[in-house]
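See below for the structure under consideration.
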Amino acid sequence: MKPQDRLKIDLIAEDYRNAVLLGNLKLQERYYTLTQTVPGLLDRLIDVDAEVYSDHEAESADDIRQIANAATSHLISGQVMTVPRGPIRVKDVADELFRTPPGQWTTEQQLLNERLRKSEEAIPVELGFTRLMAWLATRFGEVPERYAERFQEVSLTLQMRQNSMDEQYALAARRAKNKSEETK
Amino acid sequence: MSRVAEAVVKLHHDSDYTCDPAMRGPVPLQKFFREVRVQHFSLGSLSQATIAQHLLTSGAVFRQDTVTDMLEDATPLAGLCFRLGTTAICYVREEDILPRRRFTAAHELGHALMHQLDMGRFLLDEAVDDDGRDTHQEIEKEANDFAAALLMPEIVLRRRAEELRTEHGTCPRQALSYRLASELLVSNEAMRYRLKNLGVGDE
């Protein structure tokens, strides 16, 4: 490719980037039509698309982080709810417990929770309470029952939150008796 | 063995629980819930609307549109089992007395354990008594039978009947029912019905 061809592609790509950023669809379409007659232009426009998309993603993630930080630092009682991706990890539950600690949270429990916040290990989903306590004990030493209870509750809440993203709910309900039925 | 009996045996097994009639006191309902990973809550003014609010504020449900239709239904409820995929939560009405709340909780636990696939979304039109008399739907009957078998174990009922007979030479069902209802924390009506069903105690 001659230097002047490369320069031409660079100039078109720059104009194309501006068109994408301004949301000018007509201009974008016109540049894509040019790809049929300018060799090498199509690959360049695809690269521009990828760059713009990647910048946008990073900006969005950064915006979300900034909003979350602002909310949690200025609204002390506020919290940002997240949905864990993949298996629920020990860290996910401990982070949630850190944000919403139960009443009468002892120093011992706080210190234990800080250790658990560093664990990336997935929690086996099938464990009932007794086995969950034993599982935690093998990894983190003795776990107070009150802490383990709260840990299980939060772990189940997070699992349901995750399920709520793509599952439909089912329910079975029974009506309350009204006063006249109560006295029958 | 019936489906209900199988479910109770499995629950005992999963909870490492053995029913010992020599031990006195109510069955450990709280333990059962924890061992099978079902949460349970007692809420005031129970309705689908208050439950949906609870699900959203507790963070169990992430988006409001998941439970929008529930938010609009304020029909007073005695109990509800809510399921989302592999997870379930049981709700009971806070205003009910303890024996009734326990029966309702056990009933909802029965739904959570036995009716994962056929629960759908239903609100029973008629009030269901904890003596099971008004039940018209099979699924509700199973949940009632489950609650009765779980909270009032046959082996305990028969042992107490023997004890009463040994003590007094007779075992009137009414007296036995009062004794057992207070020991097992269930209503006297529910106990009478269970004893009658099992043919335990004298008429």
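Residue numbers (my numbering), protein chains in the order written: chain A, 201 to 384; chain B, 12 to 214. C-beta atoms are modelled at their ideal positions from N, C-alpha and C, and glycine is treated no differently.
Residue range of the alpha helix (DSSP H) that includes residue i
| i | result |
| --- | --- |
| B:A63 | Q59 to T68 |
| B:G121 | L109 to M125 |
| B:M81 | T79 to L82 |
| B:A18 | R14 to D25 |
| B:Y28 | Unbroken run through B:Y28: none, as it is neither H nor E. |
| B:P37 | Where B:P37 is concerned, there is no enclosing alpha helix (DSSP H), given that its DSSP letter is neither H nor E. |
| B:K152 | E149 to L162 |
| A:V252 | L241 to H274 |
| B:Q75 | First-last for B:Q75: undefined, no H or E at that position. |
| A:Q309 | T307 to L316 |
8 Å Cβ cut-off: residues of chain B touching residue i
| i | result |
| --- | --- |
| A:M365 | F73 and R74 |
| A:T272 | By Cβ distance, chain B contributes nothing, its closest Cβ being about 15 Å from A:T272, past 8 Å. |
| A:T237 | Within 8 Å Cβ-Cβ: nothing; A:T237 doesn't reach chain B, min ~48 Å. |
| A:E353 | Q50 |
| A:R361 | G70, A71, V72 and F73 |
Bridge partner(s) assigned by DSSP for residue i
| i | result |
| --- | --- |
| B:S193 | The partner list for B:S193 (beta bridge, DSSP) is empty, contrary to what the question assumes. |
| A:A322 | A:R289 |
| B:I100 | B:Q50 and B:F93 |
| B:P183 | B:D213 |
| A:L221 | According to DSSP, A:L221 bridges with nothing at all. |
| B:F133 | A:A372 |
| B:L88 | A:R375 |
Amino acids of chain B, ordered along the chain, whose beta-carbon sits closer than 7 Å to that of residue i
| i | result |
| --- | --- |
| A:F329 | R45 and E46 |
| A:L356 | R48, Q50 and T98 |
| A:R289 | Going along chain B, no residue has its Cβ under 7 Å from A:R289, so there is no contact; the nearest lies around 17 Å. |
Residue nearest to residue i in terms of C-alpha spacing, selected from the options
| i | options | result |
| --- | --- | --- |
| B:H23 | B:A201, B:S188, B:A192 and B:A160 | B:A160 |
| A:I212 | A:L222, A:L241 and A:P324 | A:L241 |
| A:L327 | A:D210, A:R317, A:S319 and A:A348 | A:A348 |
| A:I246 | A:K291, A:E353, A:L311 and A:E214 | A:E214 |
| B:R112 | B:L91, B:R132, B:A123 and B:T97 | B:L91 |
| B:D129 | B:V78, B:F114, B:A154 and B:A16 | B:A154 |
| A:I264 | A:T235, A:D249 and A:M281 | A:M281 |
| B:V47 | B:L57, B:P37, B:V20 and B:T77 | B:V20 |
| A:A250 | A:L221, A:N269, A:T237 and A:I209 | A:L221 |
Unbroken beta strand (DSSP E) run spanning residue i, endpoints
| i | result |
| --- | --- |
| B:Q50 | Q50 to L54 |
Cross-chain neighbours of residue i in chain A, by beta carbon under 9 Å
| i | result |
| --- | --- |
| B:M130 | A370, L371 and A372 |
| B:I1 | A query on residue 1 of chain B cannot be resolved here, the shown segment of chain B reaching from 12 to 214 and no further. |
| B:S198 | Chain A residues near B:S198: none, gap ~13 Å exceeds 9 Å. |
Contacts of residue i in chain A (Cβ-Cβ under 7 Å)
| i | result |
| --- | --- |
| B:R104 | A376 |
| B:F93 | Y369 and L371 |
| B:G55 | Those do not exist, as B:G55 stays about 12 Å from chain A at its closest Cβ, beyond 7 Å. |
Within chain B, partners of residue i - CB distance below 9 Å
| i | result |
| --- | --- |
| A:V283 | F73 |
Neighbouring residues, chain A, relative to residue i (Cβ below 8 Å)
| i | result |
| --- | --- |
| B:T86 | R375 |
Below-9 Å beta-carbon distance, residue i vs any chain C residue
| i | result |
| --- | --- |
| B:T181 | You won't find chain C in this structure, because its protein chains are A and B. |
Which ranges does the beta strand (DSSP E) cover as unbroken runs of at least 3 residues, wholly within the stretch 339-372 of chain A, from first to last along the chain? none
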